[in-house]
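The listed protein sequences derive, respectively, from chains P and D. Going letter by letter, the first sequence gives residues 168 to 368 in the numbering used here. Going letter by letter, the second sequence gives residues 742 to 1280 in the numbering used here. Just so you know, even glycine gets a beta-carbon here, dropped at the ideal spot from N, CA and C. Just so we're clear, the structure is a prediction, and the values are computed from it rather than from any experiment.
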Amino acid sequence: MGKENEAKRLMKNFNILISGTGGQGLITLLQILSEAAMIEGYDIKTAELHGLSQRGGSINTHIKLGKKVYSPLISAGSADLVISLENLEALRTINYINPKTKFLINCYSLPFIGSLSEKEIEKKLKKIIKGKKYIISASETCKQELGKEVLSGVYLVSYASFKKILPIKPVSISKAIKRVIPKAYLDMNLKAFKLAQRDSK
Amino acid sequence: MLLLKYMKKILLGNEAIVQGALEAGVEFVSAYPGTPSSEIGNIFGNIAKKHGIYFEFSPNEKTALEASIGASFSGLKCLVSMKHFGVNVASDALLPFVYTGTKGPTVVIVADDPSCYSSGQTEQNSRYFGYMGHIPILEPSDAQEAKDYVKLGYQISEKFKVPVIVRITTRVAHQRMPVSIGTVKKAKPKALFVKDVKKFVTMPPRVLEMKDELLEKIEKIKDFHNIDKVEGKGKIGIITSGVSYLYVKEALDKMKLNLPILKIGMFYPLSEKKIKSFVKPLKKVLVVEELEGIIEKEVNALTNCEIHGKDLLPISREFNTDIVGIAIAKFANKKYKIIKTAKIDLPKRFPRLCPECPYWFVFSAVKEVAPKGTIFGGGIGCYMLAGFPPHQIQDYLLCMGSSVGIAHGIKKAVGDKQKLITFMGDSSFFHAGIPAIINTVFNKSNPLIIIMDNRITAMTGHQPNPGMGRTGMWDKTIDLKIENIVKACGVKHVKVIDPQNVNELKSTIKNFINKKEVSVIVAKRICALWARRMKRKGL
Chain P
168 MGKENEAKRL MKNFNILISG TGGQGLITLL QILSEAAMIE GYDIKTAELH GLSQRGGSIN
228 THIKLGKKVY SPLISAGSAD LVISLENLEA LRTINYINPK TKFLINCYSL PFIGSLSEKE
288 IEKKLKKIIK GKKYIISASE TCKQELGKEV LSGVYLVSYA SFKKILPIKP VSISKAIKRV
348 IPKAYLDMNL KAFKLAQRDS K
Chain D
742 MLLLKYMKKI LLGNEAIVQG ALEAGVEFVS AYPGTPSSEI GNIFGNIAKK HGIYFEFSPN
802 EKTALEASIG ASFSGLKCLV SMKHFGVNVA SDALLPFVYT GTKGPTVVIV ADDPSCYSSG
862 QTEQNSRYFG YMGHIPILEP SDAQEAKDYV KLGYQISEKF KVPVIVRITT RVAHQRMPVS
922 IGTVKKAKPK ALFVKDVKKF VTMPPRVLEM KDELLEKIEK IKDFHNIDKV EGKGKIGIIT
982 SGVSYLYVKE ALDKMKLNLP ILKIGMFYPL SEKKIKSFVK PLKKVLVVEE LEGIIEKEVN
1042 ALTNCEIHGK DLLPISREFN TDIVGIAIAK FANKKYKIIK TAKIDLPKRF PRLCPECPYW
1102 FVFSAVKEVA PKGTIFGGGI GCYMLAGFPP HQIQDYLLCM GSSVGIAHGI KKAVGDKQKL
1162 ITFMGDSSFF HAGIPAIINT VFNKSNPLII IMDNRITAMT GHQPNPGMGR TGMWDKTIDL
1222 KIENIVKACG VKHVKVIDPQ NVNELKSTIK NFINKKEVSV IVAKRICALW ARRMKRKGL
């Protein structure tokens, strides 16, 4: 990225919404992204929820980066990028998106009683997403190649960086992974990062 | 600049509070977990020993506060942490503690939850405690301020010998940002209780002198600090505090406005001088504060200026930039652009029990064998998920311990016309459940109480409680047997059952629900998540 671009990208905040369900590791992703954003010299604010709202229910976490960030919450229609760890939860971000919002969706369903069918979800996604979208089988890839579905989050964030839909360089993401993830799990997380690199080409 | 960057670390608001306390040299920490405050205790539980600090999770917020009061009376620097409803429980000790004052400086963290993301009960505005008890309250808006205000809290407490509340909300507690890190010295607590009846005994007539002394202190505290900040310029202005300040700043940026702002850092006591001098040159003022408009009322009483606030902003639910932006637009007669978004009807994904949770067995057994029309009592903890599908067995829910307290009242009122089964978690039992159980024996009622003993305080992220053999610092301690306490309370029908033994559970429910006296089933099986984490922790 040239110097001019660098300055330009710092002019306006970049807002990332991560959606999924409790237990999918959304808070770890928030930590990785904010650490990586700090490595790149951005100001950062994030918002997350704990406790009751975390018990398997729908959750979204907010991360905003830029030259100066005040509120930790993304305003209606102001997400630049949605990363969703689950199909239906991608739909639930509708209040935050605009025609330019980019989507990176894990092709993965955690159904519940009364949930929509995958076809219906697909139809609705097509209808609401006007911007660029990437629907990739992150959970499946991580399960098949690394034996752990839960790595799909790190895989997705890395993928977003390699695809340049996230204004954070892959080298900062991998540095952040090393800072955030405990030693015992670091190796498999770095493998997920590498897989994302391979698959983003 | 480069150096500064390296001294910064991304911290969660609650982590920043811990960092602030460490930098201030805290020596004694006590807490009861509760979202959105829980991480503070969790972190101290893991790091206290390394820093030479004492930490405990106490059975409830009152005993947590009392522990720190004792340590403060003995000269130690103390931190107490709790969620908003915790102050209600602790207030019996908190209010007189403000009268006696501190010996070792003491900061109390109180975490409110506007919009009730993780709080059944009420949308409490704990700032009122400032007025009720003359307790200084600091109100940070972000993680950096949370750290700074904790340190300032200790300075105020040290100088004026009063406890200081640092009041945060969910969006401060669970907000991450780069926070500058200072130095931390290892604590070397030197405690000694020096008798001083005049200071520590709140008996009349001395208690009234204490109140007079407190009021004098409060007068001095008003202008002692320097955290109320003024910025911007113009003829109409905004007064704000806490996280609302961030929404004001973002909204003004969006609107390309630069109005004068008075950001209040100390909520109680308000600096009348600063408010008056800020308002004096202005034609009108908008007060932007979440929940009830307390500052607005104060500003109204202090000045003759045209004051707006709750006429343009809601009293319930948390704010965001758009809500504040619209209010500012109306107030300043400007435009604020809201991005219109589409709506979509989606099935709700309710919070639910984890797949291997032992509570599944209890709820399904109860649902199967409870006679038609049985009333179900609910309480605070993972078992409040009884209210959601597929269980839907929760007919009332108020606060910690009340599942049994209210059960007693219902049974006294309705007699044998209606059956009642009420749930209570192990942590709730130790927190506020025991007096309620005693009441059912003492005043003779007969609910069936099922104590959901999953061997840990689960909902808030697995904190130790008196019934599992570990302290807050993970040292071994007595594992208090709930059934023994229940028997000692005078309950005759008591049975401990592993809920996986579904048949035994069902037949016991059927038997106990027809008893003339109160009966208790202790459904004892470890939280599935905790069982895994315990192994990882090597416990």
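Under DSSP, Arg1211/D forms a beta bridge with Lys1217/D. Residue range Val1243 to Phe1253 is occupied by the alpha helix (DSSP H) that includes Ser1248/D. Gly223/P has a beta carbon lying within less than 8 Å of a beta carbon in chain D. The count of Cβ pairs closer than 8 Å, one atom from the segment 831-847 of chain D and one from the segment 1136-1151 of chain D, stays below three, leaving the stretches out of contact. Pairing Ala789/D with Glu1033/D, the inter-Cα distance amounts to about 37 Å. Sequence-ordered contacts of the segment 237-252 of chain P with chain D read Tyr237, Ser238, Pro239, Leu240, Ser242, Ala243, Gly244 and Ser245 [C-beta pairs closer than 7 Å]. Contact check for Ala214/P against Gln916/D passes: the beta carbons are separated by less than 8 Å.
Residue contact check for His915/D against chain P: a CB pair falls below 8 Å. Using a Cβ distance threshold of 8 Å, Met205/P and Ile199/P do not count as a contacting pair. If you draw a straight line from the Cα of Ile876/D to the Cα of Val839/D, it is about 7 Å long.
For the segment 258-284 of chain P, residues whose beta-carbon sits nearer than 9 Å to a beta-carbon of chain D comprise Leu258, Arg259, Ile261, Asn262, Tyr263, Ile264, Asn265, Leu277, Phe279, Ile280, Gly281, Ser282 and Leu283. If you draw a straight line from the Cα of Ser1012/D to the Cα of Val1040/D, it is about 10 Å long. Judged by DSSP secondary structure, Asn273/P falls within the beta strand (DSSP E) whose first and last residues are Lys269 to Asn273. Rounded to the nearest angstrom, the gap between the Cα atoms of Gly1120/D and Ala1272/D is 23 Å. In the pairwise beta carbon analysis, the segment 950-969 of chain D is classified as touching the segment 1000-1017 of chain D: at least three pairs are separated by under 8 Å. Within chain P, the residues whose beta carbon sits less than 7 Å from that of Ala1083/D are Ile261 and Ile295, listed in sequence order. Chain-order list of chain D residues neighbouring Ala214/P: Arg912, His915 and Gln916, by C-beta distance under 7 Å. When only Cα atoms are considered, Pro846/D and Gly1202/D end up about 29 Å apart. Interface flag for Thr188/P against chain D is set, since a Cβ pair is found closer than 8 Å. In the DSSP assignment, Asn755/D falls within the alpha helix (DSSP H) that extends over Gly754 to Ala765. Rounded to whole angstroms, the gap between the alpha carbons of Val925/D and Gln760/D is 8 Å. Taking CB atoms only, Ile1005/D has no neighbour in chain P less than 8 Å away.
Looking at the DSSP output, Phe798/D shares a beta bridge with Ala772/D. Where Phe1117/D is concerned, there is no enclosing alpha helix (DSSP H), although the beta strand (DSSP E) around it starts and stops at Ile1116 to Gly1119. Any Cβ of chain P closer than 8 Å to the Cβ of Phe1091/D would place that residue at the interface, and such an atom is present. Using a Cβ-Cβ cut-off of 7 Å, Glu991/D is close to Tyr237 and Ser238 of chain P, given in chain order. According to DSSP, residue pairing for His1049/D in a beta bridge involves Leu1027/D. Under a 10 Å Cβ-count criterion, Val989/D is classified as buried, with 16 or more other Cβ atoms of the shown protein chains found around its own Cβ. Contact of Leu255/P with chain D by beta-carbon distance below 9 Å involves Leu1087, Pro1088 and Arg1090. Under the 10 Å beta carbon count, Lys902/D is surrounded by 16 or more other beta carbons and is classified as buried. For Ala327/P, the enclosing alpha helix (DSSP H) begins and ends at Ser319 to Phe329.
Between the alpha carbons of Arg1266/D and Gly1118/D lies a gap of roughly 21 Å. Judged by their CB atoms, Ala1106/D and Val1243/D are nearer to each other than the 8 Å cut-off.
Across the set Asp1216/D, Lys824/D and Ser860/D, the C-alpha of Lys824/D shows the shortest separation from the C-alpha of Lys803/D. When rounded, the separation of the alpha-carbon atoms in Leu1000/D and Ile1069/D is 10 Å.
Three or more beta-carbon pairs drawn from the segment 1191-1202 of chain D and the segment 1123-1136 of chain D are found closer than 8 Å, and the two stretches are therefore classed as touching.
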